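K.L.:
Residue numbers (our numbering), protein chains in the order written: chain A, 1 to 468; chain B, 1001 to 1166; chain C, 2001 to 2489. Even for Gly, the Cβ is constructed at its ideal location relative to N, Cα and C. Please read these numbers as outputs of a predicted model, since none were measured by experiment. I'd like to ask you about the structure that follows.
Structural data, given as structure tokens:
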């Protein structure tokens, strides 16, 4: 009988097979391990991306509110100090949620931070650290780079194999220079000067130098006074100026007829009034600012001789100068009116109707108006009014809007020192250079010349008592 | 006989080890796969939330300083939209825990329901809160689920269509 | 099985099993790698998303900084679109296209196309530049933002599919504004999702069908009270404008806690008059009156006894000019009163008042100077009356002077009434004193005429007495002469 072939394995084969399987198993385990590590790394990486998004959004919001937001967040400089994220160790992660009473108020210590109660996030990110630095790209005076800050954010975390890192950068607009404005761009100076001899001095056909010789005054003074006279008159006489007041009256009329419950219409008319008054203030300020050099010319070089014939007429002079003062007071008064109506938009019904965004925008607008009112030389209470307003803003923002609170805190510090305040706010510095440095002298000059025109015109007393 | 016994012993041991090994490999791979899916979902939710909210014009609720489990905002064309959590009962039963779906609904201002304006953004959410620290942005604290795994993230999304008062 | 046998062919199964295991492992490794790759690409996608946005935001910030570096008129896209291509930044590159927003001054449309690790994205901003000298914060306003398709990056200037989309979306946004505001008010008091969905017209979510244990870390929202919208406290009374300005001055509707402005006594219209022209007219006519009085008197002073015949026409012109000046002053006060009611502040009203009072008083001074000069001879009334020889002449002179006093008194009264209109107007102390001095000077003129009249009356009485005495003496002499002739016949 034939023996059937037998399929069998030898021990050696089994051992060899086991050896191969062991090697394969080892490969598999290491693949799995590295896969797990990869997943963990990806998870950490994803966390780093999301957290960096949070930090940058915070930064964007802060800078939109405040050009010096890097300082208020404590990140200005080149050497970022690594911050931890959890347990309230970073200002960026201290206002997370409103978890307990009082509701609607986030206490960064009691309920705002990422704590052990926020699992699994707390466990995932407690090993993270981040460094945020920001620097102005160029110092002031270097064009567009002076108005940009470069922010660098780096997250790092320990892994089983070493250290994970994730970096991102962003440039943000941070205006440190004043807004450029060309006051003379709106004025056709040659055309204005050509009108001076006829309209101001009743000497048509003469040139300004000829006038100067006739009157006995220097050319610059003639031109300066001529510009003051014509520009103030043109402005007050302008259709725009008149029409502006008509529009204000119309809007007030409509507002007075609007029922209190008609919030949409109320808001519309109050905002219209605020804008109309503000626009009037802007226009008046442009005239006031433009004529400052002309007044300086008069003050420094004007001889104001009575002259021969119809030379410098003191009465005409005082009338022309007084118009400037009226326009200045219209600027100041219109600004205060505008402030009143913008503030009226913050009434509780209207605020709630229009929402928090409009409320914040109104506060930001008011802040700018209060700042200018604070430096009006003819309104000494303006600075205190601004401080009170800042305190009200802080009360609103406390526990709710940390960006607003940081801005207000910074502003309250700067306001104590005008020179520092102006350095931080170059636009305000330019406005202050006119309002604080020039206007008091100009108003004093106007008062002096107006009084002189009157006191120098006194009639001689009658010789009635000549004796019997 | 002894050889047979030894051989049987070796085979049984190796088989047991091998089976256990394959089981654990299978489990690991399943867990890794779940983790991966979870992170993908989280990524998707994060990007989606950012995209939708960033183009909004205004927050309606929560008010500044408030935390809610839903978000109401005006989208790019001022249509009021709500992001909210709705119970996901099948998933909850499967996992024996509360699982939600994240939905968005955009009103058409007629007061009537339009299913075309409703979208399911995510199927498995353990929890989500929205906190407002300013009228211009919202913080999202979301915990995404996949099977028994969770991934939690915190995002801050700024609205870009703010306009101005001037 | 371990087998042996010298002649049986042996086939082992270990190696095939090993090969099978190897294939399985390779499959597993491949799937794990694919999973990781997928995850990596997802994470890459997220980081690319985030980085691209930051890149675009940086590009937009750079453009805004460029605009801010010069006046708006000097912006790089003032006359034609501004482009940047392939600019390296933050690990990627961007293309930039900026143009003026059609139909909107001080607005710009900004397109940024980012390229980062092979992925392109488009971002669009429409911004408004705040052209305002009084602006302190330098805020740039984002009117519109949208992410788009890279294909929408403009190749040329002018309208495009995307710009039309932007305009349409903005139109739709504006149309929904009021509805969204009203919806926001109704959503204010809601405390649950159900209430919110009810307001929004959404579907009510179904509840959980079973109760489940809550896991630690679940955020629980107990029944909180309805929230109150955070509001800011109103301004203080001191911050209110000091004048209501043009239009009705009624309290703001529905604002019980908001401080109110002062009310004006009468409703005002918005008329705003240019006072400068009126000031000029008054100045010219008052000055003319003064000059005419002086030149008339100069003519009168020529020749012995006064050349009044030639002087009178000039003095009449002076009077005419004076009337015109006074009419002008009256008009000035009337116009100023309207301006005062429309003034934005008490300080602006005060500035107007001081200008008007200075003008009025200066014109008053000119008039008084002229009148003083014209009436200066009344100071020499004793000399004048001393030369009178007859009572008839004295009577005539007296009658003339009485008439003059009547006219002068009326003029003084009219002038005083005119100046009374600015009694409440603000004046500097110097101007107030000048007014008082001018009033006194005019009163001195009136007093001098009164004194002259007294002198004339005295002279008349003297002359009458003298003439009476002379007449009596003459009569006595005649009587004496008549009595002597009757005794001699």
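1. How would you call residue 303(A), buried or exposed, if buried means at least 16 neighbouring beta carbons within 10 angstroms?
2. Determine the DSSP secondary structure at residue 1113(B), reduced to helix, strand or coil.
3. Count the CB pairs spanning the region 2409-2422 of chain C and the region 2439-2451 of chain C that are closer than 8 Å, and state whether there are at least three.
4. Are residue 2084(C) and residue 2242(C) touching if we call contact CB-CB under 9 Å?
5. What residue from 2031(C), 2104(C), 2086(C) and 2367(C) has the CA that sits closest to residue 2327(C)'s CA?
6. Quick check: what's the CA-CA separation for residue 2147(C) versus residue 368(A)?
7. Give me the residue from 219(A), 199(A), 266(A) and 286(A) with the minimum Cα distance to residue 235(A).
8. Looking at the structure shown, is residue 1100(B) part of a helix, part of a strand, or coil, going by DSSP?
9. Smallest Cα separation from residue 271(A): which of 191(A), 198(A), 329(A) and 366(A)?
10. Comparing C-alpha positions only, which one of 2392(C), 2354(C), 2297(C) and 2320(C) sits nearest to residue 321(A)?
11. Would you report the Cα separation of residue 2281(C) and residue 2325(C), rounded to the nearest angstrom?
12. Quick check on DSSP: helix, strand or coil for residue 178(A)?
13. What is the rounded straight-line gap between the Cα of residue 392(A) and the Cα of residue 458(A)?
14. Taking the Cβ atom as the reference point for each residue, do residue 1130(B) and residue 1062(B) lie within a distance shorter than 9 Å?
15. Since residue 297(A) and residue 220(A) are thought to touch, with beta carbons under 8 Å apart, how far apart are those beta carbons, to the nearest angstrom?
16. At which residue ranges does the region 2123-2193 of chain C contain complete beta strand (DSSP E) runs of 3 or more residues, listed in the order of the chain?
17. Would you mind reading off the limits of the alpha helix (DSSP H) that contains residue 151(A)?
18. Rounded to whole angstroms, what's the CA-CA distance from residue 1074(B) to residue 2205(C)? Just pull it up for me.
19. Reducing DSSP to helix, strand and coil, say where residue 101(A) ends up.
20. Compute the Euclidean distance between the alpha carbons of residue 2483(C) and residue 2399(C), then round it to the nearest angstrom.
21. Name the residue from 390(A), 383(A), 378(A) and 373(A) whose alpha carbon lies nearest to the alpha carbon of residue 363(A).
22. Return the CA-CA distance between residue 172(A) and residue 151(A), expressed in angstroms with no decimal places.
23. Residue 1126(B) lies in the beta strand (DSSP E); which residues open and close that run?
24. Hey, residue 41(A) and residue 162(A) are a contact pair by Cβ (cut 8 Å); roughly how many whole angstroms apart?
25. Given this structure, state the Cα-to-Cα distance separating residue 2290(C) from residue 2408(C), to the nearest angstrom.
26. Using a C-beta cutoff of 9 Å, does residue 264(A) count as contacting chain C?
27. Would you tell me roughly how many angstroms separate the C-alpha atoms of residue 415(A) and residue 104(A), rounded to the nearest one?
28. Could you give the distance in angstroms between the alpha-carbon of residue 2392(C) and the alpha-carbon of residue 2467(C)?
29. For residue 1113(B) and residue 2233(C), I'd like the C-alpha separation in whole angstroms.
30. Using the Cα positions of residue 2358(C) and residue 330(A), report the straight-line distance between them to the nearest angstrom.
31. Going residue by residue through the region 2280-2311 of chain C, where are the continuous beta strand (DSSP E) segments of at least 3 residues, counting only ones entirely within it?
32. For residue 65(A), which residues in the same chain have their Cβ closer than 6 Å to its Cβ, ignoring the five residues on either side in sequence?
33. Report the rounded CA-to-CA distance for residue 412(A) versus residue 148(A), giving the unit in angstroms.
34. With H, G and I counted as helix, E and B as strand and the rest as coil, what does DSSP make of residue 237(A)?
35. Report the CB separation of residue 549(A) from residue 153(A) in whole angstroms; it is logged as a contact under 8 Å.
36. Take residue 424(A) and list the residues in its own chain whose beta-carbon comes closer than 6 Å to its own, dropping the five residues that flank it on each side.
P.N.:
Taking the coordinates as given:
1. Walking along the first chain from the start, residue 303(A) turns up at place 303. Residue 303(A) counts as exposed, since fewer than 16 other C-beta atoms from the protein chains shown sit within 10 angstroms of its C-beta.
2. Numbered from its first residue, the second chain carries residue 1113(B) at position 113. Residue 1113(B) sits in coil when the DSSP states are folded into three classes, being neither helix nor strand.
3. Verdict: yes, contact present.
4. Start at 1 with the first residue of the third chain, and residue 2084(C) comes out as number 84. Start at 1 with the first residue of the third chain, and residue 2242(C) comes out as number 242. For residue 2084(C) and residue 2242(C), no; Cβs fall outside 9 Å.
5. Within the third chain, the letter at position 327 stands for residue 2327(C). Answer by Cα proximity: 2367(C).
6. For the purposes of this step, residue 2147(C) is identified with residue 147 of the third chain, where counting begins at 1. For the purposes of this step, residue 368(A) is identified with residue 368 of the first chain, where counting begins at 1. Between residue 2147(C) and residue 368(A), the C-alpha separation is close to 32 Å.
7. As a first step, residue 235(A) must be located in the first chain, where it is residue number 235. Considering only alpha carbons, the answer is 286(A).
8. Taking the first residue of the second chain as position 1, residue 1100(B) is located at position 100. Correct three-state label for residue 1100(B): strand.
9. Looking up residue 271(A) in the first chain gives position 271. The shortest C-alpha separation from residue 271(A) is found at 366(A).
10. Here residue 321(A) refers to the residue found at position 321 when the first chain is read from its first residue. The option with the nearest alpha carbon to residue 321(A) is 2354(C).
11. Your numbering for residue 2281(C) matches position 281 in the third chain. Your numbering for residue 2325(C) matches position 325 in the third chain. Spanning the alpha carbons of residue 2281(C) and residue 2325(C) requires a straight line of approximately 8 Å.
12. Position 178 of the first chain, counted from the first residue, corresponds to residue 178(A). Of the three classes helix, strand and coil, the one that applies to residue 178(A) here is coil, per DSSP.
13. If you number the first chain from 1, residue 392(A) lands on position 392. If you number the first chain from 1, residue 458(A) lands on position 458. Rounded to whole angstroms, residue 392(A) to residue 458(A) spans 54 Å at the Cα level.
14. Here residue 1130(B) refers to the residue found at position 130 of the second chain. Here residue 1062(B) refers to the residue found at position 62 of the second chain. It is a contact, given that the beta carbons lie within the stated cut-off.
15. The residue you call residue 297(A) lines up with position 297 of the first chain. The residue you call residue 220(A) lines up with position 220 of the first chain. With a contact defined as Cβ atoms closer than 8 Å, residue 297(A) and residue 220(A) qualify at about 5 Å.
16. Counting only runs of 3 or more, we get 2141-2148.
17. Numbered from 1 along the first chain, position 151 holds the residue referred to as residue 151(A). Where residue 151(A) is concerned, there is no enclosing alpha helix (DSSP H), although the beta strand (DSSP E) it sits in stretches over 148-158.
18. As a working mapping, residue 1074(B) is identified with position 74 in the second chain. As a working mapping, residue 2205(C) is identified with position 205 in the third chain. Those two C-alpha atoms are separated by around 21 Å.
19. In the first chain, residue 101(A) corresponds to position 101, counting from 1. Note: residue 101(A) maps to coil in three-state DSSP.
20. Within the third chain, residue 2483(C) is the residue found at index 483, counting from 1. Within the third chain, residue 2399(C) is the residue found at index 399, counting from 1. When rounded, the separation of the alpha-carbon atoms in residue 2483(C) and residue 2399(C) is 41 Å.
21. As a working mapping, residue 363(A) is identified with position 363 in the first chain. Comparing Cα positions, the closest option is 390(A).
22. Taking the first residue of the first chain as position 1, residue 172(A) is located at position 172. Taking the first residue of the first chain as position 1, residue 151(A) is located at position 151. C-alpha separation (whole angstroms): 8 Å.
23. Within the second chain, the letter at position 126 stands for residue 1126(B). Per DSSP, residue 1126(B) belongs to the beta strand (DSSP E) from 1118-1134.
24. The residue given as residue 41(A) occupies position 41 in the first chain. The residue given as residue 162(A) occupies position 162 in the first chain. Wrong, their Cβ atoms sit about 10 Å apart, outside the cutoff.
25. The sequence position of residue 2290(C) within the third chain is 290, counting from 1. The sequence position of residue 2408(C) within the third chain is 408, counting from 1. Going from the Cα of residue 2290(C) to the Cα of residue 2408(C) covers about 16 Å.
26. In the first chain, the residue the question calls residue 264(A) occupies position 264. The beta carbon of residue 264(A) sits closer than 9 Å to some beta carbon of chain C.
27. Within the first chain, residue 415(A) is the residue found at index 415, counting from 1. Within the first chain, residue 104(A) is the residue found at index 104, counting from 1. Per the coordinates, the alpha-carbon of residue 415(A) lies some 30 Å from the alpha-carbon of residue 104(A).
28. Translated into positions along the third chain, residue 2392(C) becomes position 392. Translated into positions along the third chain, residue 2467(C) becomes position 467. Straight-line Cα distance between these residues: approximately 10 Å.
29. Reading the second chain from its first residue, position 113 is the one you call residue 1113(B). Reading the third chain from its first residue, position 233 is the one you call residue 2233(C). Taking the straight line joining both Cα atoms gives about 40 Å.
30. Translated into positions along the third chain, residue 2358(C) becomes position 358. Translated into positions along the first chain, residue 330(A) becomes position 330. Cα-Cα distance, rounded: 19 Å.
31. Those beta strand (DSSP E) runs which fall completely within the region 2280-2311 of chain C and span 3+ residues do not exist here.
32. For the purposes of this step, residue 65(A) is taken as residue 65 along the first chain, with counting starting at 1. In the same chain as residue 65(A), and ignoring 5 residues on each side of it, the C-beta atoms closer than 6 Å to its own belong to 403 and 407, in chain order.
33. Here the question's residue 412(A) lines up with position 412 in the first chain. Here the question's residue 148(A) lines up with position 148 in the first chain. A direct Cα-to-Cα measurement between residue 412(A) and residue 148(A) gives close to 25 Å.
34. Position 237 of the first chain, counting from 1, holds the residue named residue 237(A). DSSP, reduced to helix, strand and coil, places residue 237(A) within a helical segment of the structure shown.
35. There is no way to answer for residue 549(A), as the model of chain A reaches only from 1 to 468.
36. Mapped onto the first chain, residue 424(A) falls at position 424. Within the same chain, residue 424(A) has close Cβ partners 414.
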